[in-house]
Amino acid sequence: MTANEYNQCVSEHADGLYRFAVSLLSDLTEAEDIVQHVFEKFWRRHEDVELGAAKTYLFTSVHRACIDFFRRKKTSRNTTELLPHHDASVAGHDYETRQLIQKMLQNLTEDQKSLILLRDYEGYSYKEIAEILNLTEAQVKINLFRTRKKLQFFLTGSNVKREKNEIHNK
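Residue numbers (our numbering): 15 to 184.
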């Protein structure tokens, strides 16, 4: 990969890598540091990496760096920055929904959270996710299905609790 192709990769993927890191870490500063570190490592190896493999290489590197961060820190995660911000016109109901989704995502493992974020928020294909997470496409599909079922179960339970609270408050 040439220096110009490297610069093109930085332009194309920096925002997505940053969003992915923030989604996993919920720490803006640490996410920025990790993405910068990954690009530094990428620059040192840019001649060895083909342009077509750059996206997978970068997302895999960020994913692994985030896992390393958790291993070093061993702290609980907070997903307050996980979801993209929405228009203020739906702020009331949206706030409750965002809180519920954030609570649901806190119950996921890092790998489950990565699957949801890469597929549903970043729009990656099963093949791309498999390459990033070092899984087979079948494993991605199965794990994503199970993760969505887990979220659905949690959401159904939360809706039942909310309905009971509304009935008791009347």
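Using N, Cα and C, we set each Cβ at its ideal position, and we do this for glycine too. As the structure is a prediction and not an experimental result, all values here were calculated from the model.
### Close beta carbons around Ile156, own chain, < 6 Å, minus the five adjacent residues each side
Sequence-distant Cβ neighbours of Ile156 in its own chain, meaning closer than 6 Å and more than five residues away, do not exist here.
### Query
When the distance is taken between beta carbons, is Glu61 closer than 8 Å to Met118?
no
### Query
For Asp125, which of Ser25, Gln116, Leu114 and Leu149 has the nearest alpha-carbon?
Leu149
### Task
Measure from the alpha carbon of Tyr135 to the alpha carbon of each residue in Ala35, Tyr20 and Glu26, then state which is nearest.
Ala35
### Message
Tell me the DSSP secondary structure of Met15 in three-state form.
### Response
coil
### Query
So is Phe56 buried or exposed if we call it buried at 16+ other beta carbons inside 10 Å?
buried
### Query
When you compare each of Leu131, Ser139 and Leu158 to Leu31 by their alpha carbons, which one comes out closest?
Leu131
### Query
What does a CB cutoff of less than 6 Å around Glu19 pick up in its chain, not counting 5 residues either side in sequence?
Leu65
### Query
Can you tell me the Cα-Cα spacing of Glu142 and Thr74, whole angstroms?
10 Å
### Task
Please report how far the alpha carbon of Phe84 lies from the alpha carbon of Glu145, in whole angstroms.
21 Å
### 8 Å Cβ cutoff met for Ser128 and Leu38
yes
### Message
Spatial neighbours of Glu151 within its chain, please: C-beta separation below 7 Å, excluding the five flanking residues on both sides.
### Response
Tyr140, Lys141 and Ala144
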